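Asks: Be aware that the sequence shown starts at 1006, since it is given in the numbering used here, and climbs by one per residue.
We put the CB at the ideal spot given by N, CA and C, even for glycine.
Computed from a predicted structure; not experimentally measured.
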Amino acid sequence: GSLNRYKYAETNLLKSQKIWEEQFGKHHPKYAISLDYLAIIYLRMARYFDAERLMLKSKEIKETKLDKYHPDYVTSLSHLAELYENMGRYSDAEPFMRETKEIRKLQVGENHPDYAISLNNLAELYVNMGYYRKAEPLYLESMAILKVQLGEDNHKYANSIHNLALLYEIMGRYSDAESL
């Protein structure tokens, strides 16, 4: 099953990590990426504390060696946000998600699908936190960007409509949900 595949991946990633460590050292951004790969496997295995330890170490290395706007650093922020959200630690996830959103906005601009996805992710977190009024404008903005940039036939746009409809259902705004 999938657990066996994760165990196999873990074994190979541990070997790979050792090679990256020997080749680049424990403070190199490429070594940090090897930590990310292993951390994601731990996340999928629900080994959250192992994933957190590796993700924090990776972020620390990237923070020291890379620019704050480097894609690998932003990836660390989004990984930590995903981890904390999976753990139900929403208040820990929020600052990482907000920072990811702001960096994406500066990197790619307010009309880019990547920025729209960051808005959507933050909105989903707010829904999980029960902050429905904070989530709604983020969903609306994300949906508008995706409609223009990707078109109405794109699955990401369809997903944004679905997310907003679910929010309206949760809020008891059934006619708004149905219209979507």
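Report the rounded CA-to-CA distance for residue 1168 versus residue 1046, giving the unit in angstroms.
Replies: As a position in the sequence shown, residue 1168 is number 163, starting the count at 1. As a position in the sequence shown, residue 1046 is number 41, starting the count at 1. Residue 1168 and residue 1046: Cα-Cα distance of roughly 27 Å.
Asks: Report buried or exposed for residue 1175, applying the criterion of at least 16 other Cβ atoms within 10 angstroms of its Cβ.
Replies: Here residue 1175 corresponds to residue number 170 of the sequence shown, with the count starting at 1. With fewer than 16 Cβ atoms within 10 Å of its Cβ, residue 1175 is classed as exposed.
Asks: How would you label residue 1133, buried or exposed, when you count the other beta carbons within 10 angstroms and need 16 or more for buried?
Replies: For this step, residue 1133 is matched to residue 128 along the sequence shown. It is exposed - the Cβ of residue 1133 has fewer than 16 other Cβ atoms within 10 Å.
Asks: In this structure, how does DSSP classify residue 1019 when only helix, strand and coil are distinguished?
Replies: The count along the sequence shown starts at 1 and reaches residue 1019 at position 14. Three-state result, residue 1019: helix.
Asks: In the DSSP assignment, find the alpha helix (DSSP H) that holds residue 1141 and state where it starts and stops.
Replies: Residue mapping note: residue 1141 aligns to position 136 of the sequence shown, counting from 1. Element bounds for residue 1141: 1137-1155.
Asks: Could you tell me how far apart the beta carbons of residue 1064 and residue 1039 are, in whole angstroms, since I believe they sit closer than 8 Å?
Replies: In the sequence shown, residue 1064 corresponds to position 59, counting from 1. In the sequence shown, residue 1039 corresponds to position 34, counting from 1. Not really, about 14 Å apart at Cβ, beyond 8 Å.
Asks: Just the C-alpha distance for residue 1036 and residue 1020, rounded to the nearest angstrom, thanks.
Replies: As a working mapping, residue 1036 is identified with position 31 in the sequence shown. As a working mapping, residue 1020 is identified with position 15 in the sequence shown. Between residue 1036 and residue 1020, the C-alpha separation is close to 12 Å.
Asks: Tell whether a beta-carbon distance below 8 Å holds between residue 1150 and residue 1116.
Replies: Your numbering for residue 1150 matches position 145 in the sequence shown. Your numbering for residue 1116 matches position 111 in the sequence shown. In this structure, residue 1116 lies closer than 8 Å to residue 1150 by Cβ.
Asks: Do you know how far the Cα of residue 1027 is from the Cα of residue 1142?
Replies: Your numbering for residue 1142 matches position 137 in the sequence shown. Your numbering for residue 1027 matches position 22 in the sequence shown. Spanning the two alpha carbons is a distance of roughly 48 Å.
Asks: Could you give the C-beta distance for residue 1011 and residue 1050, rounded to a whole number, given that I count them as a contact under 8 Å?
Replies: Within the sequence shown, residue 1011 is the residue found at index 6, counting from 1. Within the sequence shown, residue 1050 is the residue found at index 45, counting from 1. That pair is a contact at about 5 Å.
Asks: Between which two residues does the alpha helix (DSSP H) harbouring residue 1159 extend?
Replies: Taking the first residue of the sequence shown as position 1, residue 1159 is located at position 154. Segment: none, residue 1159 is in no alpha helix (DSSP H) and carries neither H nor E.
Asks: Quick one, are the C-beta atoms of residue 1162 and residue 1152 less than 8 Å apart?
Replies: Within the sequence shown, residue 1162 is the residue found at index 157, counting from 1. Within the sequence shown, residue 1152 is the residue found at index 147, counting from 1. Yes, the Cβ-Cβ distance between residue 1162 and residue 1152 is below 8 Å.
Asks: Nearest-angstrom Cα distance between residue 1183 and residue 1170?
Replies: Position 178 of the sequence shown, counting from 1, holds the residue named residue 1183. Position 165 of the sequence shown, counting from 1, holds the residue named residue 1170. Those two C-alpha atoms are separated by around 7 Å.
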